[in-house]
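Reviewing the structure listed below.
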Amino acid sequence: MTSPTLRQRQLARRLRDLRQEAGLSIAQVAEHLLCSPAKISRIETSQRRASLRDVRDLGRLYGVENPTELMELAKDARQQGWWHQGEGIEFGPLIDLENEAKAITEYETTTIPGLLQTEDYARAVIRGFFPGKDASLVERQVDVRMRRQELLRRPNPPRYWVLLDESSLHRHIGGAAVMKRQLDQLAQVAEQPQVTIQVVPFEVGAHMGFDSAFMLLEFDRNVDIADMVFMETRAGHIFEEKPNQVSRFREVIDHLRADALSPAASVKMILARRDYFMNKEM
Numbered sequence: 003m004t005s006p007t008l009r010q011r012q013l014a015r016r017l018r019d020l021r022q023e024a025g026l027s028i029a030q031v032a033e034h035l036l037c038s039p040a041k042i043s044r045i046e047t048s049q050r051r052a053s054l055r056d057v058r059d060l061g062r063l064y065g066v067e068n069p070t071e072l073m074e075l076a077k078d079a080r081q082q083g084w085w086h087q088g089e090g091i092e093f094g095p096l097i098d099l100e101n102e103a104k105a106i107t108e109y110e111t112t113t114i115p116g117l118l119q120t121e122d123y124a125r126a127v128i129r130g131f132f133p134g135k136d137a138s139l140v141e142r143q144v145d146v147r148m149r150r151q152e153l154l155r156r157p158n159p160p161r162y163w164v165l166l167d168e169s170s171l172h173r174h175i176g177g178a179a180v181m182k183r184q185l186d187q188l189a190q191v192a193e194q195p196q197v198t199i200q201v202v203p204f205e206v207g208a209h210m211g212f213d214s215a216f217m218l219l220e221f222d223r224n225v226d227i228a229d230m231v232f233m234e235t236r237a238g239h240i241f242e243e244k245p246n247q248v249s250r251f252r253e254v255i256d257h258l259r260a261d262a263l264s265p266a267a268s269v270k271m272i273l274a275r276r277d278y279f280m281n282k283e284m
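Counting in my numbering, the sequence shown runs from 3 upward without gaps.
The following block contains the structure:
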């Protein structure tokens, strides 16, 4: 089944296109529906789920003779993904989109990406980022992070290209034993044909990726959804879909790939750091 997040974004794009084809402004639509322009804007940018009544009324206003497709999109968008099975899970939309992406490029500045973390490493990261968090919620988030990783083990997984700042290999998260196992797993995953891992070494100095970590998600054209960038911040999660902004992140990725070590040299560095932590463990 196609993810509810993807259906919501497809519905939002379709409703925006229909409004523009009808020659109506957001303010005019809001006036007809007796609601605020902000509501229509949030529906069209997939920040708000449209109710079935909203979709029915919008379809009538736009002259849609057979609203079946729109109504089906709306129903699918209101379903819950597996990640809703508990409290404190904030990555639901990202999980849905990851599962629909044909390619994912991720740049990480401080930690190993969630899709590649071991259970113990993930637990240490979550506890460090949310000190005092209820233990049951920590374990729930660890479980979700582990389940996310099934994405890379399924048939026809997305192409996954990881760019790691070298600092992520040096930071002691969870202790020497945890780091040793984490770097072991990182080197093993790098052997998978659909995965490429490159390390951006300290020697590069200043580079275009200093701003923040991010993830570029790319989709097949038949999915009818734009490529986008995801960023996690303390203030919340950001999904950037504007083509000019996504192009800026593609430029950053091109520069980072050129600056980074080759995949083979990156694995060599990862294993060297693994050996360092192994010796610390002894």
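Idealized CB from N, CA, C, for every residue including glycine.
Of the residues L188, H257, L35 and A274, the one whose Cα lies closest to the Cα of G207 is H257. Counting along the chain, I255 sits inside the alpha helix (DSSP H) bounded by residues P245 to D261.
Counting other Cβ atoms within 10 Å of its Cβ, D98 reaches 16 or more and is therefore classed as buried. In the DSSP assignment, M271 forms no beta bridge with any residue. Scanning the region 139-185 for uninterrupted beta strand (DSSP E) segments of 3 residues or longer gives 161-167, listed from N- to C-terminal end.
A direct Cα-to-Cα measurement between Q30 and D78 gives close to 28 Å. A distance below 8 Å separates the beta carbons of I175 and A126. Our two residues, E74 and Q49, have alpha carbons roughly 19 Å apart in a direct line. The closest CA to that of E108, considering only R173, S264, L171 and Y162, is found on Y162. Ranking P245, Q247 and L118 by CA distance to the CA of L171 puts L118 first. Residues A32 of the same chain have their beta carbon placed closer than 8 Å to that of S38, with the five preceding and five following residues left out of the count. According to the DSSP assignment, L63 belongs to the alpha helix (DSSP H) that extends over L54 to L63.
With respect to L13, L96 sits apart: the two C-beta atoms are not nearer than 8 Å.
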